[in-house]
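Following our numbering, the numbering of the sequence shown begins with 1 at its first residue and continues without gaps.
Think of the CB as a built atom: it goes at the ideal place given N, C-alpha and C, for glycine as much as any other residue.
Reading through the structure tokens given below for one structure.
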Amino acid sequence: MNPQAKLIFTVSLLLGTTITITSNHWIMAWTGLEINTLAILPLISKSHHPRAVEAATKYFLVQATASALILFSSMTNAWHTGQWDIAQLTHPTSCLILTAAIAMKLGLVPFHFWFPEVLQGTSLTTGLILSTAMKFPPITLLFLTSHSLNPSMLTTMAILSAALGGWMGLNQTQIRKILAFSSISHLGWMAIIICYNPKLTLLNFYLYTLMTTAVFLTLNTMKAVKLTTLMTTWSKSPSLNTALLLALLSLAGLPPLTGFMPKWLILQELTKQDMTPMAILISLLSLLSLFFYLRLVYCTAITLPPHTTNHMKQWHISKPTNVWIAIAITLSVTLLPLSPTLLALT
Numbered sequence: 001m002n003p004q005a006k007l008i009f010t011v012s013l014l015l016g017t018t019i020t021i022t023s024n025h026w027i028m029a030w031t032g033l034e035i036n037t038l039a040i041l042p043l044i045s046k047s048h049h050p051r052a053v054e055a056a057t058k059y060f061l062v063q064a065t066a067s068a069l070i071l072f073s074s075m076t077n078a079w080h081t082g083q084w085d086i087a088q089l090t091h092p093t094s095c096l097i098l099t100a101a102i103a104m105k106l107g108l109v110p111f112h113f114w115f116p117e118v119l120q121g122t123s124l125t126t127g128l129i130l131s132t133a134m135k136f137p138p139i140t141l142l143f144l145t146s147h148s149l150n151p152s153m154l155t156t157m158a159i160l161s162a163a164l165g166g167w168m169g170l171n172q173t174q175i176r177k178i179l180a181f182s183s184i185s186h187l188g189w190m191a192i193i194i195c196y197n198p199k200l201t202l203l204n205f206y207l208y209t210l211m212t213t214a215v216f217l218t219l220n221t222m223k224a225v226k227l228t229t230l231m232t233t234w235s236k237s238p239s240l241n242t243a244l245l246l247a248l249l250s251l252a253g254l255p256p257l258t259g260f261m262p263k264w265l266i267l268q269e270l271t272k273q274d275m276t277p278m279a280i281l282i283s284l285l286s287l288l289s290l291f292f293y294l295r296l297v298y299c300t301a302i303t304l305p306p307h308t309t310n311h312m313k314q315w316h317i318s319k320p321t322n323v324w325i326a327i328a329i330t331l332s333v334t335l336l337p338l339s340p341t342l343l344a345l346t
């Protein structure tokens, strides 16, 4: 892709996100979401492969439907209350439609079917943008309207997302699909707590973004998109593979790594809200996700490549490891263990 075109699309993404997260008016928020959608489409389809074009088409159709529902929800609310302010969403039907629209934009169950397919059709770099930056504006809208949303509906969607995200990721061999189901599972954890403690949802999203960035950038450096290619990467860069192993375990939420912190705080908050059965259920469902993370870890570090492999072996990585990978992995692994020390110093 032309560097100037790529720059224009990247700036448009930043502009769309900024407009949505800083707006108070529904029309401005909708405009920002539309700019985002139109800016990411060329990045998804830039390889001109039929799969990439299919992914871009699916993404456009889903996001256009979700945007139309957001507009319909805000117009219904304005019709009944006379308010276009995002924080003033009070009409029950509008709240219901908005929840469905945001769930569609994020890829929450039962509107999750498009996400793994779209992620599979794109490059790892665009997949990273879709999994992190493109989810920030819808999460912000959920944060701003959290006091008006239906807790029972969100809890149901959250439990189903954690269950299906873990269940459907078990049988996958494509790494991008595994990470898509991982994203759906994490969104379940964010959705279950949004009505009770919205700040925890944002904390969970920030840490999820950090850990996912570390994993995607590492995989992009190794050029690994399938489990079979991941098995042959140990000989290329053992240190990078070890770092990926730790980042994956952190994404799984194992203590004492950073990924354990949001899950720990969410379970604590659910217990305070007398939702102990939900806390137990979502904890048990996270074991499904843990299984496929351990599968990735096993393929990354424990297995050695077979002697008769069909893949051309690369004995070194052609480009040096990016400094951003080092920073992201360090934070993904050490943020929770170091936090008591940092608090003591301040």
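Range of the contiguous alpha helix (DSSP H) that encloses residue i
i	result
Ile44	Trp26 to Ile44
Phe60	Pro50 to Thr81
Tyr196	No alpha helix (DSSP H) holds Tyr196; DSSP gives it neither H nor E.
Met1	Looking at the DSSP string, Met1 is not in any alpha helix (DSSP H), and its letter there is neither H nor E.
Met134	Where Met134 is concerned, there is no enclosing alpha helix (DSSP H), given that its DSSP letter is neither H nor E.
Trp324	Val323 to Leu345
Opposing strand residues paired with residue i [DSSP bridges]
i	result
Asp274	Its beta-bridge partners do not exist; DSSP assigns none.
Gln172	For Gln172, which the question treats as bridged, DSSP gives no partner whatsoever.
Contacting residues, own chain, Cβ-Cβ under 7 Å from residue i (five flanking each side not counted)
i	result
Ile102	Pro138, Leu141 and Leu142
Asn150	Cys95, Leu96 and Thr99
Leu89	Asn77, Cys95, Leu98, Thr145 and Ser148
Ser250	Met211, Leu257, Thr258, Gly259, Ser332 and Val333
Leu15	Ile35
Trp324	Leu217
Tyr196	Glu269 and Gln273
Whole-angstrom C-beta distance between residue j and residue i, which should lie under 8 Å
i	j	result
Ile175	Leu240	The Cβ separation is near 15 Å, so there is no contact.
Trp84	Ile27	7 Å
Val118	Leu108	About 15 Å separates the two Cβ atoms, so there is no contact after all.
Leu265	Leu200	6 Å
Contacting residues, own chain, Cβ-Cβ under 6 Å from residue i (five flanking each side not counted)
i	result
Trp114	Lys58 and Val62
Ala214	Ala247, Ala328, Ile329 and Ser332
Leu288	Gly166 and Trp167
Ser161	Leu108, Val109, Ile184, Leu187 and Gly188
Cutoff 8 Å; reference residue i; Cβ partners in own chain excluding five residues on either side
i	result
Gln120	Arg51, Ala55, Gln174, Arg176, Lys177 and Ala180
Proximity test, residue i beta-carbon vs the ligand NAD heavy atom, cut-off 6 Å
i	result
Gly82	Among the components modelled here there is no ligand, and therefore nothing to report on the ligand NAD.
Q. Unbroken alpha helix (DSSP H) runs of length 4 or more, entirely within the stretch 205-246: which are they?
A. 227-230
(Q) What ranges does the alpha helix (DSSP H) occupy inside the stretch 90-152, keeping only unbroken runs of at least 4 residues that lie completely in it? (A) 92-106, 114-120, 124-131 and 136-144
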